[in-house]
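Trainee: Top to bottom, those sequences are chains A and B. 154 is the number of the first residue of the first sequence in our numbering; add one for each residue after it. 154 is the number of the first residue of the second sequence in our numbering; add one for each residue after it. Just dropping this structure here.
2 protein chains.
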Amino acid sequence: MRPDLRLYALVDPQHSDGRDLAALARELAAGGATLIQLRDKASSTRLMIESARAIRAALEGSGVPLVINDRVDVALAAQADGVHVGWDDMPVADARRLLGPDAIIGLSIKTEEQVRAARLELLDYVCIGGVFATASKDNPDPPIGTDGLRALSEMIRKRAPDMPAGAIAGIDERNAAAVIAAGADGIAVISALSRAPEPKRAAAILRGIVDRALAERKGA
Amino acid sequence: MRPDLRLYALVDPQHSDGRDLAALARELAAGGATLIQLRDKASSTRLMIESARAIRAALEGSGVPLVINDRVDVALAAQADGVHVGWDDMPVADARRLLGPDAIIGLSIKTEEQVRAARLELLDYVCIGGVFATASKDNPDPPIGTDGLRALSEMIRKRAPDMPAGAIAGIDERNAAAVIAAGADGIAVISALSRAPEPKRAAAILRGIVDRALAERKGA
């Protein structure tokens, strides 16, 4: 399924100031998030499944899908809509085999080598980054910036013209428009939403910036 | 599938002195291990799947099944024979649904409450413990000893007379016979095998002790 990446909100128990993740996801969806990811690198499998089920229930009726970072087992147990994988996670071909043709499967991309190696024909979206420096993830590599984002998204579009490509890392109200101008179809955001004083309002503001920037790019 | 628990060998990259896990598993099976578990609480999903596949290939033709600790996704991707779960892992009912009726599913048991709560009708075996103190796992609870093992295994047999019940934690050549005498159908072992100078020989010795103790118990 081709997901709408305009405002891709990642919720992570380690980056949400102790907020209830299901309530947070519901607020973000109400504010205009188009896709939610549960990312949890620390909790037990049992707790991840419980969180995923609670978020899924909270999103019921919103039309906003839920994907799980890395964990195909959690996605299957909680009947989430799919997974987001990186290059240390399950290979995309295995994830597709286990999740079936209708699941959403997205892949992180940060280098040209990864664009060449990616099984784009098995993917529903890619997420390019880290674009800027971020406190939400240990990124040993330097950020690629908007120039790197532009180069990688053009390279992906040559191989797969219709592949939705989001941008991730350090994106907020100040730089979101530049990221869209550089070729991203949307922004993936953690702290700027999950740690915002009013997450719903923060989502609405970011979604507005993305929508305007996408309209400008099409008009340009 | 009802597994043979007589010598249940756990291989864990953090408790095997840097040995190649596939070669180690092959040696242990050659020495008399009847079931192998891959336990890995630290590696990436990608690496776990690679390890599981390598161990599975190394066990090919041995008749010794491979189960994966906690990770149903890894078991599915690597086509392992099943999983071992604890109470912080995926609920047994979900694991059974995802893995199907033929997979081996085992559960850790350390309290009477857990015996009462366990979905024994969905399980292929249980593993009781920690029986003794061990360096291979952080066990905040005190060890249950052979008396605790005897009480829990009798309680399990009342509910499920044919359920194979292994014993785990701190089991070695000195106490293995006492563990079998207390009612276990076999022993689950990490360090005494994976850190032995000659793992195959250590497996053969432990297997011999278990076989003799089982014969004595039947004769008694």
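Note that beta-carbon positions come from the ideal geometry of N, C-alpha and C, so glycine has one too. Predicted, not measured: the structure shown is a model, and the values here were computed from it.
Give the interface partners of Ile-202/B over in chain A, defined as CB-CB distance under 8 Å, in chain order.
Mentor: Position 49 of the second sequence holds residue 202/B. Correct list: Met-243, Pro-244 and Asp-247.
Trainee: Check whether the segment 304-316 of chain B and the segment 340-349 of chain B touch, using three or more Cβ-Cβ pairs below 8 Å as the test.
Mentor: no
Trainee: Beta-carbon of Ala-205/A versus every beta-carbon of chain B: anything under 8 Å?
Mentor: Along the first sequence, read from residue 1 onward, the residue named residue 205/A stands at position 52. Not an interface residue.
Trainee: Can you find a C-beta in chain A that's less than 8 Å from the C-beta of Arg-192/B?
Mentor: Here the question's residue 192/B lines up with position 39 in the second sequence. No, no contact with chain A.
Trainee: Suppose contacts are defined by Cβ-Cβ distances below 8 Å. Is Val-245/A in contact with Leu-260/A by that definition?
Mentor: Locating residue 245/A in the first sequence gives position 92, counting from the first residue. Locating residue 260/A in the first sequence gives position 107, counting from the first residue. Yes, the pair counts as a contact, with Cβ atoms nearer than the cut-off.
Trainee: Using DSSP with H/G/I as helix, E/B as strand and the rest coil, what is Gly-377/A?
Mentor: Outside the shown range of chain A (154 to 373) lies residue 377/A, about which nothing can therefore be said.
Trainee: Count the CB pairs spanning the segment 310-329 of chain B and the segment 268-283 of chain B that are closer than 8 Å, and state whether there are at least three.
Mentor: yes
Trainee: Would you mind stating whether Ala-211/A and Arg-179/A have Cβ atoms separated by less than 8 Å?
Mentor: What you label residue 211/A is simply residue 58 of the first sequence in a count that begins at 1. What you label residue 179/A is simply residue 26 of the first sequence in a count that begins at 1. In this structure, Arg-179/A lies closer than 8 Å to Ala-211/A by Cβ.
Trainee: Going by other Cβ atoms of all chains shown within 10 Å of its Cβ, with 16 needed for buried, is Asp-241/B buried or exposed?
Mentor: Along the second sequence, read from residue 1 onward, the residue named residue 241/B stands at position 88. So Asp-241/B ends up on the exposed side.
Trainee: For Ile-230/B, return the contacting residues in chain A, with the cut-off set at a CB-CB distance below 7 Å.
Mentor: On the second sequence, position 77 is the one that residue 230/B refers to. Strictly speaking, residue 230/B in this sequence is Ala, with Ile absent from that position. Within chain A, the residues near Ala-230/B are Met-243, Asp-247 and Leu-251.
Trainee: Closer than 8 Å, CB to CB, is Ser-261/A near chain B or not?
Mentor: Counting from one through the first sequence, the residue named residue 261/A turns up at place 108. Not a single C-beta of chain B is nearer than 8 Å to the C-beta of Ser-261/A.
Trainee: How would you write the range of the alpha helix (DSSP H) that Ile-343/B sits in, first residue to last?
Mentor: What you label residue 343/B is simply residue 190 of the second sequence in a count that begins at 1. It is not in any alpha helix (DSSP H) - Ile-343/B carries neither H nor E in the DSSP assignment.
Trainee: Going by C-alpha to C-alpha distance, which of Pro-317/A, Ala-318/A, Ala-345/A and Val-217/A sits closest to Ile-324/A?
Mentor: Taking the first residue of the first sequence as 1, we reach residue 324/A at position 171. Of the candidates Pro-317/A, Ala-318/A, Ala-345/A and Val-217/A, the one whose C-alpha sits nearest the C-alpha of Ile-324/A is Ala-345/A.
Trainee: State yes or no: is the C-beta of Leu-251/A within less than 8 Å of the C-beta of Ala-233/A?
Mentor: As a working mapping, residue 251/A is identified with position 98 in the first sequence. As a working mapping, residue 233/A is identified with position 80 in the first sequence. The answer is no: Cβ separation not under 8 Å.
Trainee: Rounding to the nearest angstrom, what Cα-Cα distance links Asp-223/A and Ala-162/B in this structure?
Mentor: Here the question's residue 223/A lines up with position 70 in the first sequence. Here the question's residue 162/B lines up with position 9 in the second sequence. Whole-angstrom Cα-Cα distance: 28 Å.
Trainee: Find out if the Cβ-Cβ distance for the pair Val-284/A, Ile-333/A is shorter than 8 Å.
Mentor: As a working mapping, residue 284/A is identified with position 131 in the first sequence. As a working mapping, residue 333/A is identified with position 180 in the first sequence. Cβ distance not < 8 Å, so Val-284/A and Ile-333/A don't count as in contact.
Trainee: How about Thr-264/A: is its C-beta nearer than 8 Å to some C-beta of chain B?
Mentor: In the first sequence, counting from the first residue as 1, residue 264/A sits at position 111. For Thr-264/A, the answer is no, since every Cβ of chain B falls outside 8 Å of its Cβ.
Trainee: I'd like to know whether the C-beta atoms of Val-236/A and Ala-182/A end up nearer to each other than 8 Å.
Mentor: In the first sequence, the residue the question calls residue 236/A occupies position 83. In the first sequence, the residue the question calls residue 182/A occupies position 29. For the 8 Å CB-CB criterion, Val-236/A and Ala-182/A do not form a contact.
Trainee: Count the other CB atoms within 10 Å of the CB of Lys-263/A; is the residue buried (16 or more) or exposed (fewer)?
Mentor: Numbered from its first residue, the first sequence carries residue 263/A at position 110. Buried, by the Cβ-count rule.
Trainee: Is it buried or exposed for Asp-255/B, if we count other Cβ within 10 angstroms and need 16 for buried?
Mentor: To locate residue 255/B, count along the second sequence from 1; it is residue 102. Its Cβ having fewer than 16 others within 10 Å, Asp-255/B is exposed.
Trainee: Run down chain A in chain order and give the residues with a C-beta less than 7 Å from the C-beta of Val-225/B.
Mentor: Reading the second sequence from its first residue, position 72 is the one you call residue 225/B. Under the 7 Å cutoff, chain A gives Asp-226.
Trainee: Helix, strand or coil, according to DSSP, for Val-279/A in the structure here?
Mentor: Mapped onto the first sequence, residue 279/A falls at position 126. In the structure shown, Val-279/A sits in a strand (DSSP, three-state: E or B).
Trainee: DSSP on Val-332/B, reduced to helix/strand/coil?
Mentor: As a first step, residue 332/B is located in the second sequence; it is residue number 179 there, counting from the start. Helix, per DSSP.
Trainee: Could you check what DSSP says for Gly-319/A in three-state terms: helix, strand or coil?
Mentor: Here the question's residue 319/A lines up with position 166 in the first sequence. Of the three classes helix, strand and coil, the one that applies to Gly-319/A here is strand, per DSSP.
Trainee: For Arg-199/A, would you say it is in contact with chain B, using Cβ-to-Cβ distances shorter than 8 Å as the test?
Mentor: Taking the first sequence and counting its residues from 1, the one referred to as residue 199/A is at position 46. Yes, Arg-199/A counts as interfacial toward chain B.
Trainee: Among Val-225/B, Leu-188/B and Asp-300/B, whose alpha-carbon lies nearest the alpha-carbon of Gly-253/B?
Mentor: Position 100 of the second sequence holds residue 253/B. Minimum Cα distance to Gly-253/B is reached at Val-225/B.
Trainee: Are the Cβ atoms of Gly-171/A and Pro-352/A separated by less than 8 Å?
Mentor: Looking up residue 171/A in the first sequence gives position 18. Looking up residue 352/A in the first sequence gives position 199. No.
Trainee: Alpha carbon to alpha carbon, what distance is there between Gly-239/A and Pro-293/A?
Mentor: Reading the first sequence from its first residue, position 140 is the one you call residue 293/A. Reading the first sequence from its first residue, position 86 is the one you call residue 239/A. Straight across, the Cα-Cα distance linking Pro-293/A with Gly-239/A is about 15 Å.
Trainee: Take the Cβ of Arg-199/A as the centre, count every other Cβ of all protein chains shown within 10 Å, and call the residue buried at 16 or more, exposed below.
Mentor: Indexing the first sequence from 1 puts residue 199/A at position 46. Its Cβ being crowded by 16 or more others within 10 Å, Arg-199/A is buried.
Trainee: Please report the straight-line C-alpha distance between Pro-317/A and Leu-367/A, rounded to a whole angstrom.
Mentor: Within the first sequence, residue 317/A is the residue found at index 164, counting from 1. Within the first sequence, residue 367/A is the residue found at index 214, counting from 1. Distance between the alpha carbons of Pro-317/A and Leu-367/A is about 13 Å.
Trainee: Ignore the nearest five residues each way along the sequence and tell me which others in Gln-167/B's own chain have a CB closer than 8 Å to its CB.
Mentor: Here residue 167/B refers to the residue found at position 14 when the second sequence is read from its first residue. Non-local C-beta neighbours of Gln-167/B in its own chain, meaning closer than 8 Å and more than five positions away in sequence, comprise Asp-193, Lys-194 and Ala-195, ordered along the chain.
Trainee: So within the segment 284-316 of chain A, which uninterrupted alpha helix (DSSP H) runs reach at least 4 residues, ignoring any that extend past its ends?
Mentor: As summarised for the segment 284-316 of chain A, the continuous alpha helix (DSSP H) elements at least 4 residues long and confined to that stretch are 298-312, given in chain order.
Trainee: Report the three-state DSSP secondary structure of Gly-184/A (helix, strand or coil).
Mentor: What you label residue 184/A is simply residue 31 of the first sequence in a count that begins at 1. Looking at Gly-184/A - three-state DSSP - the assignment turns out to be helix.
Trainee: Report buried or exposed for Arg-354/A, applying the criterion of at least 16 other Cβ atoms within 10 angstroms of its Cβ.
Mentor: Here residue 354/A refers to the residue found at position 201 when the first sequence is read from its first residue. With fewer than 16 Cβ atoms within 10 Å of its Cβ, Arg-354/A is classed as exposed.
Trainee: Return helix, strand or coil for Leu-219/B, following the three-state DSSP convention.
Mentor: Working through the second sequence from its first residue, we reach residue 219/B at position 66. The answer is strand: DSSP assigns Leu-219/B an E or B state.
Trainee: For Gly-171/A, which three-state DSSP category applies?
Mentor: On the first sequence, position 18 is the one that residue 171/A refers to. Gly-171/A falls in the coil class under three-state DSSP.
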